[in-house]
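**Student:** Numbering (the numbering used here), first residue to last: 2 to 334.
I'd like to ask you about the structure that follows.
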């Protein structure tokens, strides 16, 4: 079920104690949760679940939706924004590659595609640059590997910048005003709140190791390498999420709002499992493929065109100054 028994029982206890699911002698709450987890973890169909749990298709659908709404209801407790009082992560503090240079970094932001099932008339809007039909999701990941913000439900044709602008304007995503910032990729403008790598220099982790291993030609390359190593946590978290919940790779033909809710619920359960599982092997195992996926040139160009809007959140001149300060400090060590 993609979570151990301790986490499973803890989830049941929380949902029942909050009155979101009912635990009765005839239908214990553990059964609807089991049906829900079977569907999202293995992309199981209703008929498969009906056979496995010996219920009608109508009952399977009823239990799935009841559990989905229960988990969505507790999502604000599981996915919480980072703020100015967030202490520096041990990942930064205990690694001389990053400390003290990135001591004010809260985490990282990026987008990812999640499978979508839409009518033919809506497919053009959900058609991604990779040729798939998907939602475009924007997420914030802390250096603890947990998700701290999710904007779901956007069409796959929407750029990351468009989704991020919506999150900042209407989606309750805020950036602390004083001193804190997030790491972003090359698709975003560099500001005091969103620290991007240097353009037109080596950036991807694979370019700095193996047969391509080389000395840094300049201080910008060293900054980019450290930036990429630190920002990789979000790619790793996305990878764990998609391996854990198969429905994200093969979405069922739910209504679009339900598909959005399923995505949010999976992100929330990722955090829940990280908190409650004692044998959370996926979360703790080392990712053997740490390379940063490269943006298509088309995607990069499109986001660069929109990046000037992003610069209003934080000052570009202060962002350049922050760039220089960290870069010079790294180069001097």
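From the three backbone atoms N, C-alpha and C, an ideal C-beta is built for every residue, glycine too.
All values derive from a computational prediction rather than experimental measurement.
Pick out the complete alpha helix (DSSP H) segments inside the segment 88–155, 4 residues or longer, and give them in chain order.
**Tutor:** Whole alpha helix (DSSP H) segments, 4+ residues: 91–94, 124–127.
**Student:** For the candidate residues 173, 228, 3, 124, whose alpha-carbon lies nearest to that of residue 144?
**Tutor:** Checked all of 173, 228, 3, 124; the closest Cα to residue 144 is 228.
**Student:** By DSSP, does residue 311 sit in helix, in strand, or in coil?
**Tutor:** Summary for residue 311: the model assigns pLDDT 47, below 50, so the residue's position carries little reliability; its value from the coordinates is reported in the next sentence. Helix.
**Student:** Is it buried or exposed for residue 157, if we count other Cβ within 10 angstroms and need 16 for buried?
**Tutor:** It counts as buried.
**Student:** Do three or more CB pairs link the segment 63–75 to the segment 128–146 at distances below 8 Å?
**Tutor:** These segments do not touch.
**Student:** Using 8 Å as the threshold, is the segment 22–37 in touch with the segment 248–256, meaning 3 or more CB pairs across them?
**Tutor:** The answer is no - the segment 248–256 does not touch the segment 22–37, with fewer than three Cβ pairs under 8 Å.
**Student:** Between the alpha carbons of residue 43 and residue 71, how many angstroms are there, rounded?
**Tutor:** Their backbone Cα atoms lie some 20 Å apart in a straight line.
**Student:** Tell me which same chain residues have a C-beta within less than 6 Å of the C-beta of residue 320, skipping the five on either side of it?
**Tutor:** Around residue 320: 191, 192, 193.
**Student:** To the nearest angstrom, how far is it from the Cα of residue 136 to the Cα of residue 147?
**Tutor:** Approximately 20 Å, taken between the alpha carbons.
**Student:** From this set, 115, 275, 139, 91, which residue's C-alpha is nearest residue 109's C-alpha?
**Tutor:** Comparing Cα positions, the closest option is 139.
**Student:** Among 40, 82, 107, 152, which residue has its Cα nearest to the Cα of residue 94?
**Tutor:** Closest option to residue 94, Cα to Cα, is 107.
**Student:** Quick one: Cα of residue 177 to Cα of residue 105, how far?
**Tutor:** Cα to Cα, the separation comes out at about 11 Å.
**Student:** Quick test of your reading: residue 153 and residue 264, contact by CB under 8 Å. State the CB separation rounded to the nearest angstrom.
**Tutor:** Between residue 264 and residue 153 the Cβ distance is about 4 Å, and since that is below 8 Å, they are a contact.
**Student:** Can you tell me where the alpha helix (DSSP H) holding residue 21 begins and where it ends?
**Tutor:** Careful: residue 21 lies outside any alpha helix (DSSP H) and carries neither H nor E.
**Student:** Since residue 80 and residue 27 are thought to touch, with beta carbons under 8 Å apart, how far apart are those beta carbons, to the nearest angstrom?
**Tutor:** Residue 80 to residue 27, Cβ: 33 Å. No contact.
**Student:** Could you say which of 37, 53, 268 lies nearest to residue 115 if we only look at CA atoms?
**Tutor:** With distances taken between Cα atoms, residue 115 lies closest to 268.
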